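Asker: Sharing a structure here in structure tokens format.
Printed below as a string of structure tokens:
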């Protein structure tokens, strides 16, 4: 499709010209320090750490979507969830993290897909704690799930996002599963008395 | 071109920001008494001619009495509600007739023109101008990307939800908006 090709060049352009850049190592170290602190605060209760990362991401997503809408030159709402997936992977991740995860594993009803991350800017240099549990319980980049959940909620999609594999845990790929739960209706103004 | 007033409604249909600009060339005698021209303009003085009957009656009778401000404020809150109801219905009707891709852009009366812009995040921007003004869709888009996102959304200490306008009325946003709009007039 000609239009989608044009828009892909557009993302590259947006990323190069409009986005403020930050040193990659600063991101890795800041994010790592945060996760490490959470592990400490929650006494290595990794389930809670995952939850907390998701919550932080959610709060980021609620705001980040506005920046996405402002920067991405997208004027039309996505007409279906497949288009949404494309925009997340090829525009969202591209302009904010300069990566383009691969979209795969669609379910036949078109409501669930996976994002496979070939590279993950948060996870450079990272090794999970060697306590025998982190490898099974901690989703190191769980903040991304929250970001997607928050951002999509603002554009009227309730989704569930979770990691199902992570190279940090020794899996072959880093894969996030995203399921559309429902489209959120417009809120109506309160009835007048 | 004259801009009369500007409203922002959030996704919970609440009016979270209003601002009124007085017409530069005021034909009536109430120009000097307004006090809103100096850049503040925060208190709702009066809408454009004939926004609603309540506005015109209060401005007509309200030169001196003490509770006028109260009345004006109440009527401007009503105006905001009425405006939201109108644009919301129009938008729904437009989508019903023209398909989901169609967008309601503006309507015009004998006295003013109302411009509408809605973002995918359900933020609705409404601007009232004089009737001769061309489409302000682009202007509203600019307000969204350059002012709203930059000064309200990216303010780390401002809340995500702006209940009763909390976090919207920050100095940077107000100043930049006033400057931007005055630059157009």
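Protein chains in written order, with the working numbering: chain A, 249 to 441; chain B, 2 to 186. Where is the CB? At the ideal position from N, CA and C, for every residue including glycine. Please read all numbers here as calculations on a predicted model, not as lab measurements.
Under 9 Å between the Cβ atoms of residue 414(A) and residue 272(A)?
Answerer: Counting from 1 along the first chain, the entry for residue 414(A) is found at position 166. Counting from 1 along the first chain, the entry for residue 272(A) is found at position 24. No. Outside cutoff.
Asker: Measuring only between beta-carbons, confirm whether residue 303(A) sits less than 9 Å from chain B.
Answerer: The sequence position of residue 303(A) within the first chain is 55, counting from 1. It does not: the Cβ of residue 303(A) has no partner Cβ on chain B nearer than 9 Å.
Asker: Counting only beta-carbon atoms, is residue 12(B) nearer than 9 Å to chain A?
Answerer: For the purposes of this step, residue 12(B) is taken as the residue at position 11 of the second chain. By this cut-off, residue 12(B) is an interface position.
Asker: Which residues of the stretch 391-424 of chain A have a Cβ closer than 8 Å to any Cβ of chain B? Give them in chain order.
Answerer: 402, 403 and 404
Asker: State the Cα-Cα distance for the pair residue 435(A) and residue 383(A), rounded to the nearest angstrom.
Answerer: For this step, residue 435(A) is matched to residue 187 along the first chain. For this step, residue 383(A) is matched to residue 135 along the first chain. Their Cα atoms are separated by approximately 42 Å.
Asker: Using 10 angstroms around the beta-carbon of residue 103(B), count the other beta-carbons present and answer buried if the total reaches 16, otherwise exposed.
Answerer: Sequence index remark: in the second chain, residue 103(B) carries index 102 (1-based). With fewer than 16 other Cβ atoms inside 10 Å of its own Cβ, residue 103(B) counts as exposed.
Asker: With a floor of 3 residues, list each beta strand (DSSP E) that falls wholly inside the stretch 90-122 of chain B, ordered by position along the chain.
Answerer: 107-109 and 114-119
Asker: With DSSP collapsed to three states, give me the class of residue 303(A).
Answerer: The residue given as residue 303(A) occupies position 55 in the first chain. Here residue 303(A) carries a helix assignment [DSSP, helix/strand/coil].
Asker: From 161(B), 162(B) and 145(B), pick the residue whose C-alpha is nearest to that of residue 174(B); which is it?
Answerer: Residue numbering aside, residue 174(B) sits at position 173 when the second chain is read from its first letter. Checked all of 161(B), 162(B) and 145(B); the closest Cα to residue 174(B) is 145(B).
Asker: For the beta strand (DSSP E) that contains residue 363(A), what are its first and last residues?
Answerer: On the first chain, position 115 is the one that residue 363(A) refers to. 360-365 is the span of the beta strand (DSSP E), which, as asked, contains residue 363(A).
Asker: Is it buried or exposed for residue 99(B), if we count other Cβ within 10 angstroms and need 16 for buried?
Answerer: Against the second chain, residue 99(B) aligns to sequence position 98. Its Cβ having fewer than 16 others within 10 Å, residue 99(B) is exposed.
Asker: May I ask you to list the residues that DSSP assigns as paired with residue 129(B)?
Answerer: Working through the second chain from its first residue, we reach residue 129(B) at position 128. In DSSP, residue 129(B) forms a bridge with 6(B) and 115(B).
Asker: For the ligand COA, any of its heavy atoms closer than 8 Å to the Cβ of residue 180(B)?
Answerer: No copy of the ligand COA occurs in the structure displayed, which carries no ligand at all.
Asker: With a 10 Å radius around its C-beta and 16 neighbouring C-beta atoms as the bar for buried, classify residue 368(A) as buried or exposed.
Answerer: Taking the first chain and counting its residues from 1, the one referred to as residue 368(A) is at position 120. Flag for residue 368(A) reads buried.
Asker: For residue 340(A), which residues in the same chain have their Cβ closer than 7 Å to its Cβ, ignoring the five residues on either side in sequence?
Answerer: Stepping through the first chain from its first residue, residue 340(A) is reached at position 92. Once the five neighbours on either side are set aside, the close Cβ partners of residue 340(A) are 316.
Asker: Does any CB atom of chain A fall closer than 9 Å to the CB of residue 124(B)?
Answerer: Sequence index remark: in the second chain, residue 124(B) carries index 123 (1-based). Residue 124(B) counts as touching chain A.
Asker: If residue 186(B) and residue 4(B) are in contact, beta carbons under 8 Å, what's the gap, nearest whole angstrom?
Answerer: Working through the second chain from its first residue, we reach residue 186(B) at position 185. Working through the second chain from its first residue, we reach residue 4(B) at position 3. That pair is a contact at about 6 Å.
Asker: Is there a Cβ of chain B sitting closer than 9 Å to that of residue 333(A), yes or no?
Answerer: Residue 333(A) sits at position 85 when you count from the first residue of the first chain. No, residue 333(A) does not count as interfacial toward chain B.
Asker: Are the C-beta atoms of residue 51(B) and some chain A residue less than 9 Å apart?
Answerer: The residue labelled residue 51(B) in the question sits at position 50 within the second chain. Any reading at residue 51(B) is ruled out, since the residue's pLDDT is 43, under 50, leaving its predicted position unreliable.
Asker: Would you kindly work out how many angstroms separate the C-alpha atoms of residue 456(A) and residue 318(A), rounded to a whole number?
Answerer: In the structure displayed, chain A extends from 249 to 441; residue 456(A) sits before or after that span and is not available.
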